[in-house]
Amino acid sequence: MKHKLTLLLGLFFLLSAFKADKPVITIFMIGDSTMANKSLTGENPERGWGQMLPGYLSEEIRVDNHAVNGRSSKSFIDEGRWEKVISQVKKGDYVFIQFGHNDEKSDPKRYTAPGSTFDENLKRFVNETRAKGGIPVLFNSIVRRNFGTADGNAVAQAISQDDIQKGVNPDATREASGQTVIAEGDKLIDTHGAYLDSPRNVAKELGVAFVDMNKITHDLVEGMGPVESKKLFMWVPANQVAAIPKGREDNTHLNVYGGRIVSGLAMDAIAKEVPELSKYVRHYDFVVAQDGSGDFFTVQEAIDAVPDFRKNIRTTILVRKGVYKEKIVVPESKINISLIGQEGAILSYDDYAQKKNCFGEEKGTSGSSSCYIYAPDFYAENITFENSSGPVGQAVACFVSADRVYFKNCRFLGFQDTLYTYGKNCRQYYEDCYIEGTVDFIFGWSTAVFNRCHIHSKGGGYVTAPSTDQGQKYGYVFYDCRLTADEGVQDVYLSRPWRSYAQAVFIRCNLGKHIAPAGWNNWGKKEAEKTAFYAEYESTGEGANPKARVPFSHQLKNLKGYEIDSILIGEDGWNPVKNGNELLSIKR
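Structure representation (structure tokens):
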């Protein structure tokens, strides 16, 4: 029976993990360079709008970008790329199809005719997608930034610039230096002609969703005008980017900023034309991604870009999956940040107290943190804060010295001194979080509420070490938390008083057998037994042992005064349980 139960539990966890990792929907993207997933060698700041799309979608969507520089619908098929994509399409998946830029090239390996071979290729993509149970969506081409003249030579020159990438057409290079200045007007000149109509016509004929990317980008670029619109494209001055030292004047390919803007507009249009996808759409001010699909490669770059003292509105930052090894600081001026992580977003560093700084001095506990939060009204969700230095003494994962800080579904990983609630007169709220460590792995001065958190001991020691100030009404309060430990760990204490007026209260918590019967430790400070306040209310589990607890601890008779809103309300009415991470009118 025991082995059968173990097998069933193992199967349950395996299926749960598979379900969690399996995406609900895959979007396959096929097209040319304006959609493509670019190579990120060197410091190339060029991005296809499709590459940026994951930053606007929830985790239930997986974007598989097969768009390639310089390809037309014909060359994409002839090179076997379409065969590779369609072999992977499953029922319920989407295939986003955007060609046209390169189908109009004179190159016989790429050329197709609108109304004829171009349409036939689009129909093939649609019909074969449907045959696999997939859902095709057609797009026409984005505009070229062509404010020049409408004569044939000018249009042909604009078309040739699509091949500016190395290896496609070396004769199409357009450096920023030594170029003839071309007079530009106020109106965009069309360079695509009938190639814009084919996707629309095929969509209408076959009953397929169609997104008019040309109109979306035409309105955007022409609205910005000939000068401002350069900010969207690869107009790079010489000697500014190492990968293109001579600079570039490119009216076809989007830069990072342009890719994000166009991708956001595209996603809104997609949601309108394909309502089933609308529930997965997300909008963030900044996206951090190691694969180049965001605005920044590092979290610190995104934080630095937040305007100082941006009041009465949140700046939302999405951190896509990856281990970001960087020492992060959220300075006091970067107020109202919401840091949202996709599954697998880990902020990690490996400093520790005895590690030497650049002057040969020990960093100390406060200097060891992987992340520092000083700005008020900070919100983090689905983020892992990690100190990866291992069991080397004090090594902080997250140092919080800010008021009205809210962590939801976050993880704090380390050994000794994992979570430092540093800020005096500061309030912090942790909901559905996981916190692990060995000795004093939750410690500091702040008032902090832990609601439905999982607190895990990796070794013997003390769960908390509060240093609550004299006269402070509350210290740490744990609601409905679960305390567990590694196999073999025992004699763990709920708290010891780092300062004499330490406060820690555990309410309806499930305590594992690793919790010492005495429950609490005076840290050799007999006088602290009179000033510290340690209490429990309706503890459960093998570690719940009220009769064996030290005499200076308390068993609460009721929860009067220990309502979460009462603990955190302060003078400004802060109530994260009721209001979540909404930004209220705050008295400063």
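Per mature numbering (1 follows the signal peptide of the UniProt record, and there is no 0): the sequence shown = residues -19 to -1, 1 to 569.
Note that beta-carbon positions come from the ideal geometry of N, C-alpha and C, so glycine has one too.
query, result
"Terminal residues of the beta strand (DSSP E) in which W63 lies", "Segment R62 to I67 is the alpha helix (DSSP H) holding W63; no beta strand (DSSP E) there."
"Alpha-carbon to alpha-carbon, K71 and H437", "41 Å"
"C-alpha gap between D285 and G371, whole angstroms", "29 Å"
"Beta-carbon proximity check, H495 vs V470, cutoff 7 Å", "yes"
"Pair within 7 Å by beta-carbon distance, D266 and T233", "no"
"Among A513, D13, I6 and F120, the one whose alpha carbon lies nearest that of H535", "A513"
"Rounded distance between the beta-carbons of Y411 and F388, thought under 8 Å", "5 Å"
"As assigned by DSSP and simplified to three states, the class of R111", "helix"
"Sequence-distant residues of its chain with Cβ nearer than 6 Å to S350 (five each side left out)", "V377 and F380"
"Close Cβ partners of N562 (< 8 Å) along its chain, the five nearest in sequence each way excluded", "R295, S319, Y360, E362, Y387 and K389"
"Cβ neighbour criterion (16 or more within 10 Å) applied to E342", "exposed"
"Opening and closing residue of the beta strand (DSSP E) in which S179 lies", "Here S179 belongs to no beta strand (DSSP E); instead the alpha helix (DSSP H) covers D178 to L187."
"Any chain B beta carbon closer than 7 Å to H264", "No chain B appears in the structure shown, which is made up of a single protein chain."
"Under 7 Å between C-beta atoms of R480 and Y443", "no"
"Check whether G240 and Q271 have beta carbons under 7 Å apart", "no"
"Validate contact between the stretch 247 to 256 and the stretch 183 to 200 using beta carbons, cut 8 Å, 3 pairs", "yes"
"Distance CB(V183)-CB(D100) smaller than 7 Å", "yes"
"C-beta atoms of N195 and L177 nearer than 7 Å", "yes"
"Beta-carbon gap between residue 621 and D88 smaller than 7 Å", "Since the first residue shown for the chain is -19 and the last is 569, residue 621 is missing from the structure and cannot be characterised."
"Distance between V269 and R291 (C-alpha atoms, nearest Å)", "20 Å"
"Those residues which DSSP pairs with M215 across a bridge", "D231"
"Cα-Cα separation, F393 to C434", "11 Å"
"Beta carbon of Y482 nearer than 7 Å to that of Q451", "yes"
"Proximal residues to D289 (C-beta, below 6 Å), its chain only, five neighbours per side dropped", "S314"
"Cα-Cα separation between N556 and N293, rounded to whole angstroms", "17 Å"
"In DSSP terms, what A326 is bridged to", "G303"
"Residue interval of the beta strand (DSSP E) (run including T402)", "L400 to T402"
"Neighbour-count burial assignment, I550, 16 or more Cβ in a 10 Å radius", "exposed"
"M471 (DSSP reduced to helix, strand or coil)", "Checking the sequence shown, residue 471 turns out to be Gln, not Met. Of the three classes helix, strand and coil, the one that applies to Q471 here is coil, per DSSP."
"Between the CA atoms of T7 and S122 - distance to the nearest angstrom", "22 Å"
"Contained alpha helix (DSSP H) runs [length at least 4] in the stretch 404 to 452, N- to C-terminal order", "none"
"Proximity winner among F431, E417 and Y455, relative to V473 (alpha-carbon distances)", "E417"
"Inter-residue spacing [alpha-carbon to alpha-carbon] between A153 and R263", "At A153 the pLDDT is 45, less than 50, meaning the model places this residue with poor confidence and gives no usable figure here."
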